[in-house]
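Beneath this line is the structure, given in structure tokens, with notes to follow.
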DNA sequence: ATATACCTTCGAGTGAACTCTAATGCAAGT
DNA sequence: ACTTGCATTAGAGTTCACTCGAAGGTATAT
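Residue numbers (full-length UniProt numbering), protein chains in the order written: chain A, 1 to 131; chain B, 1 to 131.
Here's what the structure looks like:
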């Protein structure tokens, strides 16, 4: 028999808040989380895996709207595997592009830091010569 | 005599909107933009350079609050050069850290894409054997 | 003279992604 | 009996960084 987790346990495991887990279910990112006899949510290990996948998409900057699109396709079954894989590949390519642009900006920032060091040196020379 | 730019020209050059330029001035990211006889803003080339620097900080994910801190130090003159440089270095280190984490998540996403391809293959075999 | 195309200010509105509150209920511990 | 600690729902509030609208002024073009 599979161990089922409470919402609080899932929050601890995934790093999401209890609020966020309910929010994700409300908007349709999580579908059909089972309830126990008291109406409490019981998460299966498949649910945890799916939440961790969503977390990874979020960590790479995917919007909730795009995650919803993938969640909706998943609900339709294995016939949508290719469609989902293509969405992931597109997202991957976009993020790679953004990372390259970010690295460029970081290089410019590094240049600026060097410039600052030169200015600090000049400023300190001026201060000491004025003594 | 230096060429001074209108707010619209600055918007075109920097890629920020006219609204955003006024917003930045209101909150203190831009200080003492000169006005002409009609009260219109006249941006100097030093102003443009500063705006482009802010744009770069923004592109690397710096919050407006942190940019304000740097802008405030800049207003106090060259004695704050070292303080500003240290803030930049800290920001740089944080972003490098985030980029490493992002790359890790991207690697996991790439693995997932490979998994999907295997699942697609299995699904297609099953479909054709069921014919 | 009037339309257009700018500019000004202040302050309200937007969208994303949560984040929290209120009202309510159950069930085990002291 | 009552507190604590968890759960439920709907819906309101928050934060960030803009983004826009209203009301009004000025200068050039027709």
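Virtual Cβ for every residue (Gly too), placed ideally from N, Cα, C.
{"Check": "Residue 104 (chain B) versus residue 98 (chain B): straight-line alpha-carbon distance, rounded", "Outcome": "10 Å"}
{"Check": "Alpha-carbon to alpha-carbon, residue 119 (chain B) and residue 109 (chain B)", "Outcome": "15 Å"}
{"Check": "Which listed residue (B:46, B:126 and B:107) has its alpha carbon closest to that of residue 95 (chain A)", "Outcome": "B:107"}
{"Check": "8 Å Cβ cutoff met for residue 71 (chain A) and residue 31 (chain A)", "Outcome": "yes"}
{"Check": "Chain B residues whose Cβ lies nearer than 7 Å to that of residue 120 (chain A)", "Outcome": "81, 82 and 85"}
{"Check": "Euclidean distance between Cα positions of residue 65 (chain B) and residue 54 (chain B)", "Outcome": "12 Å"}
{"Check": "Residue 116 (chain A) beta carbon less than 8 Å from that of residue 84 (chain B)", "Outcome": "yes"}
{"Check": "Beta carbon of residue 14 (chain A) nearer than 8 Å to that of residue 52 (chain A)", "Outcome": "yes"}
{"Check": "Contiguous beta strand (DSSP E) assignments of at least 3 residues, all confined to the segment 14–83 of chain A", "Outcome": "none"}
{"Check": "Any chain B beta carbon closer than 8 Å to residue 13 (chain A)", "Outcome": "no"}
{"Check": "Per-residue burial, residue 57 (chain A) [other beta carbons within 10 Å of its own, 16 or more giving buried]", "Outcome": "buried"}
{"Check": "Where residue 114 (chain B) falls, given that 16 or more other Cβ within 10 Å makes a residue buried", "Outcome": "exposed"}
{"Check": "Residue of B:75, B:68, B:79 and B:124 minimising C-alpha distance to residue 126 (chain A)", "Outcome": "B:79"}
{"Check": "Any chain A beta carbon closer than 8 Å to residue 74 (chain B)", "Outcome": "no"}
{"Check": "Short Cβ contact (8 Å threshold) for residue 48 (chain B) with residue 18 (chain B)", "Outcome": "no"}
{"Check": "Backbone CA spacing between residue 59 (chain A) and residue 81 (chain B) [nearest angstrom]", "Outcome": "34 Å"}
{"Check": "Chain B residues whose Cβ lies nearer than 7 Å to that of residue 49 (chain A)", "Outcome": "Those within 7 Å of residue 49 (chain A) in chain B number zero; the least Cβ separation is about 11 Å."}
{"Check": "Top-ranked residue by Cα proximity to residue 74 (chain B), from B:29, B:128, B:16 and B:122", "Outcome": "B:29"}
{"Check": "Local conformation of residue 4 (chain A) per DSSP, three classes", "Outcome": "coil"}
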